[in-house]
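Inspection log for the structure reproduced underneath, given as structure tokens.
In the numbering used here, the protein residues as written are 240 to 447.
Here is the structure:
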């Protein structure tokens, strides 16, 4: 009983963690086209016009205990790094974001610079190269292989069942040219699918 109480106290003392990351293929809607990086606050509009109805306002502290649920696609509180899924783009820097992952609610936000909206290829080239990739937990086995070319029918170079690290060299369409270190510590290089033709995400930048 005493041991249980000690463990319970430790859990209560530890700070809450509200970091968010997609780990399953259904975490990323197939129709999203990239990511919108948040700042300390955002205003969501009903249409891509500044005089349209305001549907939601957010002020972010990046303190785990005060951050909202179901808003972020990716959130690292310690780095004040947050992203929302982007489902459409408009003119003059407007993008449509999913601001509630649970309900799928969408609205429009105005980007402040060219790097606030990152299409998938830019996002993967930037964060995939920096942090490497990891497979989604339910990624099918047939996706966890290296190919000699960025083609499904090309020769298989290696299977990736127990990969310790996946480093990205280049992103080409739905394929990534990567180098990996497997359990046998032998470096291997080839192409892997990070995304299916239907938009399903199989591998995601291992942002930390």
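We put the CB at the ideal spot given by N, CA and C, even for glycine.
Here the structure is a predicted model, which is why all the values come from computation and not from measurement.
Should residue 259 go down as buried or exposed, given a rule of 16 or more other Cβ atoms within 10 Å for buried?
Reading the chain shown from its first residue, position 20 is the one you call residue 259. By the neighbour-count rule (16 or more Cβ atoms within 10 Å), residue 259 is buried.
Helix, strand or coil for residue 364 per DSSP?
Counting from 1 along the chain shown, the entry for residue 364 is found at position 125. Helix.
Can you grab the Cα-Cα spacing for the pair residue 404 / residue 286, in whole Å?
Taking the first residue of the chain shown as 1, we reach residue 404 at position 165. Taking the first residue of the chain shown as 1, we reach residue 286 at position 47. Using only the alpha carbons, I get a separation of about 42 angstroms.
Work out the CA separation of residue 318 and residue 295 for me, nearest whole Å.
In the chain shown, counting from the first residue as 1, residue 295 sits at position 56. In the chain shown, counting from the first residue as 1, residue 318 sits at position 79. About 24 angstroms.
In angstroms with no decimal places, state the Cα-to-Cα distance between residue 425 and residue 381.
To locate residue 425, count along the chain shown from 1; it is residue 186. To locate residue 381, count along the chain shown from 1; it is residue 142. Each residue's Cα considered, the two are about 21 angstroms apart.
Around the C-beta of residue 429, are 16 or more other C-beta atoms found within 10 angstroms, so that it is buried, or is it exposed?
Sequence index remark: in the chain shown, residue 429 carries index 190 (1-based). Answer is buried; the Cβ neighbour count reaches 16.
Whole-angstrom C-beta distance between residue 417 and residue 401, which should lie under 8 angstroms
The residue labelled residue 401 in the question sits at position 162 within the chain shown. The residue labelled residue 417 in the question sits at position 178 within the chain shown. Beta-carbon to beta-carbon, residue 401 and residue 417 are separated by about 15 angstroms, too far to satisfy the 8 angstroms threshold.
Taking the straight line between their C-alpha atoms, what separation do you get for residue 374 and residue 355?
Start at 1 with the first residue of the chain shown, and residue 374 comes out as number 135. Start at 1 with the first residue of the chain shown, and residue 355 comes out as number 116. Looking at the two C-alpha atoms, the distance is approximately 25 angstroms.
Have a look at residue 432 and residue 350 and give me their C-alpha separation to the nearest angstrom.
In the chain shown, residue 432 corresponds to position 193, counting from 1. In the chain shown, residue 350 corresponds to position 111, counting from 1. Distance between the alpha carbons of residue 432 and residue 350: 30 angstroms.
Suppose contacts are defined by Cβ-Cβ distances below 7 angstroms. Is residue 368 in contact with residue 407 by that definition?
The count along the chain shown starts at 1 and reaches residue 368 at position 129. The count along the chain shown starts at 1 and reaches residue 407 at position 168. Their beta carbons are under 7 angstroms apart, which means residue 368 touches residue 407 by this criterion.
Tell me which same chain residues have a C-beta within less than 6 angstroms of the C-beta of residue 377, skipping the five on either side of it?
Residue 377 sits at position 138 when you count from the first residue of the chain shown. Excluding sequence neighbours, residue 377 sits near 263 and 264.
If you reduce the DSSP assignment to three classes, tell me which class residue 335 lands in.
One-based indexing of the chain shown puts residue 335 at position 96. Here residue 335 sits in strand by DSSP.
Could you give the distance in angstroms between the alpha-carbon of residue 384 and the alpha-carbon of residue 359?
One-based indexing of the chain shown puts residue 384 at position 145. One-based indexing of the chain shown puts residue 359 at position 120. Taking the straight line from one Cα to the other gives about 21 angstroms.
Which runs of the beta strand (DSSP E) spanning at least 3 residues fall entirely within the segment 285-350, listed in chain order?
Whole beta strand (DSSP E) segments, 3+ residues: 293-298, 313-315, 320-328, 333-339 and 344-349.
C-alpha gap between residue 365 and residue 326, whole angstroms
Counting from one through the chain shown, the residue named residue 365 turns up at place 126. Counting from one through the chain shown, the residue named residue 326 turns up at place 87. Rounded to the nearest angstrom, the gap between the Cα atoms of residue 365 and residue 326 is 20 angstroms.
Assign residue 289 to one of two classes, buried (16 or more other C-beta atoms within 10 Å of its C-beta) or exposed (fewer than that).
On the chain shown, residue 289 is found 50 positions in, with the first residue counted as 1. By the 10 Å Cβ count, residue 289 comes out exposed.
For residue 441 and residue 341, the rounded distance between their alpha carbons:
Indexing the chain shown from 1 puts residue 341 at position 102. Indexing the chain shown from 1 puts residue 441 at position 202. Annotation: residue 341 to residue 441 spans about 21 angstroms, alpha carbon to alpha carbon.
Got a sec: is the Cβ-Cβ distance from residue 422 to anything in chain B below 7 angstroms?
Looking at the structure shown, chain B is missing, and only one protein chain is on hand.
Determine, using beta-carbon pairs with one atom in the segment 388-402 and one in the segment 329-341, whether at least three such pairs fall under 8 angstroms.
No, the segment 388-402 is not in contact with the segment 329-341.
Measuring CA to CA, which of 311, 389 and 281 is closest to residue 347?
Working through the chain shown from its first residue, we reach residue 347 at position 108. Out of 311, 389 and 281, 281 has the C-alpha closest to the C-alpha of residue 347.
Assign residue 321 to buried or exposed, taking buried as 16 or more other Cβ atoms, counted over all protein chains shown, within 10 Å of its Cβ.
Translated into the one-based positions of the chain shown, residue 321 becomes position 82. Answer is buried; the Cβ neighbour count reaches 16.
Would you decide whether residue 277 is buried or exposed? Buried here means 16 or more other CB atoms lie within 10 Å of its CB.
One-based indexing of the chain shown puts residue 277 at position 38. By the neighbour-count criterion, in which 16 or more other beta carbons inside 10 Å mark a residue as buried, residue 277 falls on the buried side.
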